[in-house]
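**Q**
Protein chains: 2
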Amino acid sequence: MVQIPNPPPPEPSAARSVPTSADVARLAGVSRATVSYVLNNTGAVRISEPTRRRVHEAARELGYVPHAAARSLRAGHSRMVLMPAPSFPVGPLYSRFLGELQWALGRLDYTVVQYGTVGVHGDEAARAWAELRPVAVLVPGSDLGPPGVEVLKRSGARAVVTLGPEAVDGAHALLTDQQGVGRAATRHLYDRGRRAIGVVVPAERGLDVFSAPRLDGARRAVAGTDATVTELPLAYDERDAARLAARWRPLGLDAVFAYNDEYAMLLMRALQDEGLDIPGDAAVIGADDLMLGRLLRPRLSTVHLEMPAGRDLAALVDRAVHDPGAAPERHKVLGATVVHRESS
Amino acid sequence: MVQIPNPPPPEPSAARSVPTSADVARLAGVSRATVSYVLNNTGAVRISEPTRRRVHEAARELGYVPHAAARSLRAGHSRMVLMPAPSFPVGPLYSRFLGELQWALGRLDYTVVQYGTVGVHGDEAARAWAELRPVAVLVPGSDLGPPGVEVLKRSGARAVVTLGPEAVDGAHALLTDQQGVGRAATRHLYDRGRRAIGVVVPAERGLDVFSAPRLDGARRAVAGTDATVTELPLAYDERDAARLAARWRPLGLDAVFAYNDEYAMLLMRALQDEGLDIPGDAAVIGADDLMLGRLLRPRLSTVHLEMPAGRDLAALVDRAVHDPGAAPERHKVLGATVVHRESS
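So the protein lines, in turn, are chains X and L. Here the first sequence is numbered in UniProt numbering, starting from 1 and rising by one per residue. Here the second sequence is numbered in UniProt numbering, starting from 1 and rising by one per residue.
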């Protein structure tokens, strides 16, 4: 960063003290309780319109903003839905899902915060999340266990929802069928006459929660047939892709499920640079059905994934918040359908 | 979502009450103040090791987690650094920057929370953020104004840092030189002998804070020369790219700065499908220096952007938190250098 010389003079406002609801009460000539009723929109108490207006004007004049934490301490819970910020590079598919979910929860008056836990995992992370007292916690693809769920519930979370291949005791589960993704891709390659099938397993940390069940699904898809599945570790860089492409002929493979469309793009380029014909020498299929697959030549075959609708997930959270004692729900998500294009 | 039948029976723990520090004090046989001293690691008071251990054991047994909000009410501020969750689709470059920043702030014992504000903008959003009483707020590419900064400071934020093309009164500023990106790309095309230069402006909402200054920089780069700059609106989909490619010859253009590498990939494919030679008929340059540009044929020229280092930004936040009355700092970030490959 380049420091720019001659900064402007200090901001005087930084030194001023933080206004409290007592200041607002004093200026408006009402009680603190009245200020609280008005600014927190408590429907329980009737307050005249002129008083209401006076409180709002005083709050505006003083720059007073209610304290969500104080309010949640009084109410016993917040409107905060906490999600751990993903520790893996987020693709366009997940970004879109997250955007929809935020929108849908926002419509139900929840606030979504993504919590950036660094170097802390599983149940230990749950303790850190619990300190913010979220009313609900949404955990995608994590290593949260029953103790972590328990910590969250004991600290007041009314709903814990996991989004991953397996359910966790005590939590609602959106069961992402990653095995189904590997199965669909591999079954497709088998049906196209391929028998020596590689499956890319990214070397990047945090992706194994997706890649391990995909590999497993690939193995199951051809179990008991004359086809083989070979695990292909691959880092997301050109050097590693070139190394793998150079080993393609010695490995005797004729097809690859490349984990997702981005790894498929990387590997397909390396195979082409190695002089291999796609799909002649190597049939390639990705997953996620990103636009980039349609921009490649040959056009990339892929597995289209049906992410859970933000609206459905928001409704599940809201149900669970209203009835925290209800039985954990289990929903299957991530329907996988093959989109056959030119690369396979 | 597919509901799976026969869910397991209700979790009994959901009905149990939330343990308080009073419960911990009772079980450990100490005062509530002692519990608070031990669990909040207050260095001010000396507490014997056996007492300390008894409190920790009681907390663990009861599943008690301290309340960050209560703690921040007592301390007067939190360790929370709030960032609005981006409202635009996040590319790999920004993802990496965010990851580094979280890591660096985590090392300084801050927690990064990304706040998902939906349908709320500028100073109104600032009020919502203020309710969480963050100790610092980092605002990338937003429409925050001086009143929003003031609201945040009055509610206890010790540092507000904006990351965008312009500084905001009262806030520290990382000034992203988006004009410089457009200027570098366009100057490169000019130097390659191009005179009829198109500049892609994405139709997607939320990107204009980047695209407008890039277009402006492009215009300035060739002001007073014999070259022209033509604004090319483009939605991120194949149909719109095909429509633009079909107009390429009538428009009489010979080069394009395609906003970033992803739009460049989309447009380059459409131009190639239209039978145009790259770079013969159309020189193409993107921005961001993503790996995908190296995977394309011809290899994509691009503008490499130097994002601010997470460590530097974290240090700035920490400085500002410790000295909230100091003069706002101004730093220039986003150094732009052209990476010339085959497409231009």
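Backbone N, C-alpha and C define an ideal beta-carbon position, used for all residues, glycine too.
(1) Are residue 356(X) and A212(X) close, meaning C-beta to C-beta below 8 Å?
(2) So, under 8 Å CB-CB, Y200(X) and F257(X) are touching, yes? Tell me the CB distance rounded to an integer number of Å.
(3) Between residue 351(X) and chain L, is there a C-beta pair that is closer than 8 Å?
(4) For H340(X), is the classification buried or exposed, using 16 other Cβ atoms within 10 angstroms of its Cβ as the cut-off for buried?
(5) What does the Cβ neighbour count give for P328(X), buried or exposed, with the cut at 16 atoms within 10 Å?
(6) Run through DSSP, which three-state label would H304(X) get?
(7) Strictly under 8 Å for the Cβ-Cβ distance: is Y115(X) near chain L by that measure?
(8) Give the secondary structure of R297(L) by DSSP, where H, G and I count as helix, E and B as strand, and everything else as coil.
(9) When the cut-off is 8 Å and only beta carbons count, does A85(L) lie next to chain X?
(10) Could you tell me how far apart the beta carbons of V120(L) and M80(L) are, in whole angstroms, since I believe they sit closer than 8 Å?
(11) Strictly under 8 Å for the Cβ-Cβ distance: is P50(L) near chain X by that measure?
(12) Write down the C-beta distance between L82(X) and P19(X) rounded to the nearest angstrom, noting that I regard them as a contact closer than 8 Å.
(13) Using only the alpha-carbon positions, how far apart do V65(L) and E131(X) sit?
(14) Residue range of the beta strand (DSSP E) that Y236(L) falls in?
(15) Return the chain-ordered ranges of every beta strand (DSSP E) run that is complete within the segment 218-278 of chain L and spans a minimum of 3 residues.
(16) Cα-Cα, which of A336(X), Y263(X), Y94(X) is closest to E204(X)?
(17) At least one CB of chain L closer than 8 Å to the CB of T111(X): is that the case?
(18) To the nearest angstrom, how far is the alpha carbon of L39(X) from that of P324(L)?
(19) Take G206(L) as the anchor and find which of G198(L), G164(L), A245(L), T186(L) has the nearest alpha-carbon.
(20) Among L244(X), A283(X), E150(X), R195(X), which has the Cα closest to the Cα of G224(X)?
(21) Using a C-beta cutoff of 8 Å, does Q178(L) count as contacting chain X?
(22) Determine the burial state of D191(L): buried for a count of at least 16 other Cβ atoms within 10 Å of its Cβ, exposed for fewer.
(23) Which bits of chain X does E238(L) rub up against, with CB to CB less than 9 Å?
(24) Excluding five sequence neighbours on each side, which residues of the same chain lie with their C-beta closer than 7 Å to the C-beta of D109(L)?
(25) How would you write the range of the beta strand (DSSP E) that R330(X) sits in, first residue to last?
(26) I'd like to confirm the pairing. Which residues does DSSP put opposite M291(X) in its beta bridges?
(27) For V151(L) and chain X, any beta-carbon pair shorter than 8 Å?
(28) For a contact meaning CB atoms closer than 8 Å, what does E231(L) contact in chain X?
(29) Whether or not the segment 148-158 of chain X and the segment 301-314 of chain X are in contact is what I'm after, with contact meaning three or more pairs of Cβ atoms, one per stretch, closer than 8 Å; do they touch?
(30) On a CA-only basis, which of M307(L), T186(L), R52(L) is nearest G286(L)? Give me that one, please.
(31) Would R154(L) count as contacting chain X if we go by Cβ distances under 8 Å?
(32) Compare the C-beta of E131(L) against all C-beta atoms of chain X and say whether one is closer than 8 Å.
(33) List, in chain order, every chain A residue whose beta-carbon is nearer than 8 Å to that of G63(X).
(34) One question on the structure: do L93(L) and M307(L) come within less than 8 Å of each other, judged by their Cβ atoms?
(35) So, for A59(L): in the same chain, excluding its five sequence neighbours on each side, which residues have a beta-carbon less than 6 Å away from its beta-carbon?
(36) Closest Cβ-Cβ distance between P202(L) and chain X: below 8 Å?
**A** The answer reads as follows:
(1) No answer is possible for residue 356(X): the residues shown for chain X start at 1 and end at 344.
(2) One point to set straight first is that residue 200(X) is Val, not Tyr, in the sequence displayed. With 8 Å as the limit, V200(X) and F257(X) qualify as a contact, their Cβ atoms being about 7 Å apart.
(3) There is no way to answer for residue 351(X), as the model of chain X reaches only from 1 to 344.
(4) Around the beta-carbon of H340(X), fewer than 16 other beta-carbon atoms lie within 10 Å, marking it exposed.
(5) buried
(6) strand
(7) yes
(8) coil
(9) Yes, contact with chain X.
(10) V120(L) to M80(L), Cβ: 19 Å. No contact.
(11) no
(12) Actually they are not in contact, since the Cβ atoms of L82(X) and P19(X) sit about 28 Å apart, beyond 8 Å.
(13) 6 Å
(14) That residue, Y236(L), is in no beta strand (DSSP E); it is neither H nor E in DSSP.
(15) 228-234, 255-257
(16) Y263(X)
(17) yes
(18) 28 Å
(19) That would be G164(L), whose Cα lies nearest to the Cα of G206(L).
(20) R195(X)
(21) no
(22) Counting other Cβ atoms within 10 Å of its Cβ, D191(L) stays below 16 and is therefore classed as exposed.
(23) M291, R294, L295
(24) R79
(25) 330-333
(26) According to DSSP, M291(X) bridges with nothing at all.
(27) It does: the Cβ of V151(L) has a partner Cβ on chain X nearer than 8 Å.
(28) Here the premise fails: no neighbours, minimum Cβ distance about 23 Å.
(29) no
(30) T186(L)
(31) yes
(32) yes
(33) No chain A is part of this structure, whose protein chains are labelled X and L.
(34) yes
(35) Answer for A59(L): V24, listed in chain order.
(36) no
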